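Undergrad:
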Amino acid sequence: MEKLAILGGTPAIENPPRKELFGWPIITEEDEAAALEVIRSNNFSGTDITAQFEKEFAAWQGREYALAFCNGTASLSAAMFAIGLSMGDEIVCTTKTYWASISQAANFGASAVFCNIDEHLSMDPHDLERCITPKTKAIMVVHYCGYPCDMDRIIEIARRHKLIVIEDCSHAQGGMYKGKKLGTFGDIAAMSLMSKKSFAAGELGVLVTDNRVYYERALAFGHYERNNSLHILECEELKPYSHIALGGIKGRANQLCSAMARVQLKYYDERCAEIRRAMNCFWDLLEGVPGIRPIRVDESTGSNMAGWYSPQGLYLPEELHGLSVNRFCEAVRAELGGVKCSAGANFCLHTNAFFQTFDLFGVGKPTRIAFSERDVREDDKLLRPSVERYCFSVPWFKHYDREWIERFAAAFRKVIENHEQLLEGDTDKAQGGLWYGTAND
Ligand SMILES: *Cc1c(COP(=O)(O)O)cnc(C)c1O
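Residue numbers (this note's numbering): 1422 to 1862.
1. Please report how far the alpha carbon of Pro1437 lies from the alpha carbon of Ser1591, in whole angstroms.
2. Under 7 Å from any heavy atom of ligand 1, does the C-beta of Val1563 make it?
3. Please confirm whether Phe1818 and Ala1699 have their CB atoms less than 8 Å apart.
4. Output needed for Glu1550: all residues of its chain with C-beta closer than 7 Å, excluding positions within five of it in sequence on either side, in chain order.
5. Since Gly1734 is in the beta strand (DSSP E), which residue starts that stretch and which ends it?
6. What number of angstroms, rounded off, separates the C-alpha of Ala1694 from the C-alpha of Leu1707?
7. Do you know how far the Cα of Ala1487 is from the Cα of Gly1600?
8. Taking only heavy atoms of ligand 1 into account, decide whether any of them is closer than 7 Å to the Cβ of Thr1494.
9. With a cut-off of 8 Å, do at least 3 Cβ pairs link the segment 1749-1758 to the segment 1714-1730?
10. What are the start and end residues of each continuous alpha helix (DSSP H) run of 4 or more residues lying completely inside the segment 1506-1589, in chain order?
11. Considering only residues of the same chain and omitting the five flanking positions on each side of Tyr1811, which have a CB-CB separation below 6 Å?
12. Specify whether the segment 1611-1621 and the segment 1580-1599 touch according to this definition: at least 3 beta carbon pairs, one from each stretch, less than 8 Å apart.
13. For Lys1602, which three-state DSSP category applies?
14. If you draw a straight line from the alpha carbon of Ala1611 to that of Glu1739, how long is it in whole angstroms?
15. Is the number of C-beta pairs between the segment 1771-1791 and the segment 1444-1459 that are closer than 8 Å three or more?
16. Excluding the 5 residues preceding and the 5 following Phe1776 in the sequence, name in chain order all residues of the same chain whose CB lies nearer than 7 Å to its CB.
17. Where do the N-terminal and C-terminal ends of the beta strand (DSSP E) with Ala1610 fall, by residue?
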């Protein structure tokens, strides 16, 4: 038996070349030159570079229109405004995602309704119809951690109920579902291009659609300088309100980020392809190991994991004598020479007090249901076992470096093969390890 590092053994990996293996985004002189040009010309606040980026992004995305915003949160807000989300409407979202997929619905007086997740941590289409009522206006689909949602089922349900579909592609820019690009299934898609995302360009967001009315409404929401007769061609009802942002927020992108995004876009697909090769290799090396399973798609179906943002595995404690996921991750971390491995990913939003009790408008009712008859106890129907499904993060390789990938896979294997050493004193049976703390602390 090999002694685990957490118990005083030698770590499987020491001093890994972290920047070379994991550094992201990849910045070259081309990015630097583009940024420097913006700084030297003091061109942060114009829209010329942003407009070029939008044109290139729309072409790459295969959509008629792309509209950049200062961040993903603003672009998703604009998408909600674009579709006319308003007081009393309901919008269904997966419960396991970052808050900015759906929290903005509160600003429109709309109610977020939470759908359960499946074993890929994505919206479970089997639970979707339970969430739909006559008040439902839209579905917010999130391709969580790069996994493409079951769009065949989701789109079929949306059509049948005449619902608008918004895709939040913040984790999956450029990913594919059965040969078609994510962000082209819904009526509108919006996403973060924040520096930690797979498409990383500082602080930036982008919205894409083929619908001119949605595009113009999104423009008017946060782009006051473009809310005028040059750009607003179809939406008669917006015309009296020119040169003001109808959402009360300024959504304009900083052109430092637009310039960087233009350079990143040129290399994005090839870099994602290399990430997929590396991540598939990592999981192939762990095939058949008990206790852990990859969350990934079979690429022969024409689907893929995009840039494999924040890669997760599923943890099955019953195959490891009930060892807690937190103890498992702690032991893995001790082997990895400082590379992260933690449990939980985002907490499930329905468990957060913001969605249960927070009263933004001061009307004596939780904002989430301020203008609806819905009972937040509905959330109790979310199936406990799948909501509490265990997941854990694995190294996010940016390069196909076979030797290092093998060493990392061996470190995971070492913990699993020797997991019995960890059982004594493992009292932590909680899901734990959630990003940004647990839901209610
Ligand atoms: C990051 C993120 C957002 C918000 O984007 P920002 O650029 O940080 O405002 C929205 N949805 C998801 C799923 C995200 O991960």
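Even glycine gets a Cβ: it sits at the ideal position worked out from N, Cα and C.
Since the structure is predicted, the reported quantities are computational estimates derived from the model, not experimental observations.
TA: In this structure, then:
1. If you number the sequence shown from 1, residue 1437 lands on position 16. If you number the sequence shown from 1, residue 1591 lands on position 170. Between Pro1437 and Ser1591, the C-alpha separation is close to 29 Å.
2. By 1-based counting over the sequence shown, the position of residue 1563 is 142. Yes; taking the cut-off as 7 Å, the Cβ of Val1563 has a heavy atom of ligand 1 nearer than that.
3. Indexing the sequence shown from 1 puts residue 1818 at position 397. Indexing the sequence shown from 1 puts residue 1699 at position 278. In contact: Phe1818 and Ala1699 (Cβ atoms closer than 8 Å).
4. Stepping through the sequence shown from its first residue, residue 1550 is reached at position 129. The answer, listed in chain order, is Ile1578.
5. Taking the sequence shown and counting its residues from 1, the one referred to as residue 1734 is at position 313. Here the beta strand (DSSP E) through Gly1734 covers Gln1733 to Tyr1736.
6. Locating residue 1694 in the sequence shown gives position 273, counting from the first residue. Locating residue 1707 in the sequence shown gives position 286, counting from the first residue. The straight-line gap from Cα to Cα measures roughly 20 Å.
7. Here residue 1600 corresponds to residue number 179 of the sequence shown, with the count starting at 1. Here residue 1487 corresponds to residue number 66 of the sequence shown, with the count starting at 1. If I take the Cα positions, the gap works out to 21 Å.
8. The count along the sequence shown starts at 1 and reaches residue 1494 at position 73. Checking every heavy atom of ligand 1 against the Cβ of Thr1494, one is found closer than 7 Å.
9. no
10. 1546-1552 and 1572-1581
11. The residue labelled residue 1811 in the question sits at position 390 within the sequence shown. The residues are Tyr1736 and Val1746.
12. yes
13. As a position in the sequence shown, residue 1602 is number 181, starting the count at 1. Residue state, collapsed to three classes: strand.
14. Within the sequence shown, residue 1611 is the residue found at index 190, counting from 1. Within the sequence shown, residue 1739 is the residue found at index 318, counting from 1. C-alpha separation (whole angstroms): 39 Å.
15. no
16. What you label residue 1776 is simply residue 355 of the sequence shown in a count that begins at 1. Within the same chain, Phe1776 has close Cβ partners Ala1533, Leu1770 and Arg1789.
17. By one-based count along the sequence shown, residue 1610 stands at place 189. First-last of the beta strand (DSSP E) with Ala1610: Ile1609 to Ser1613.
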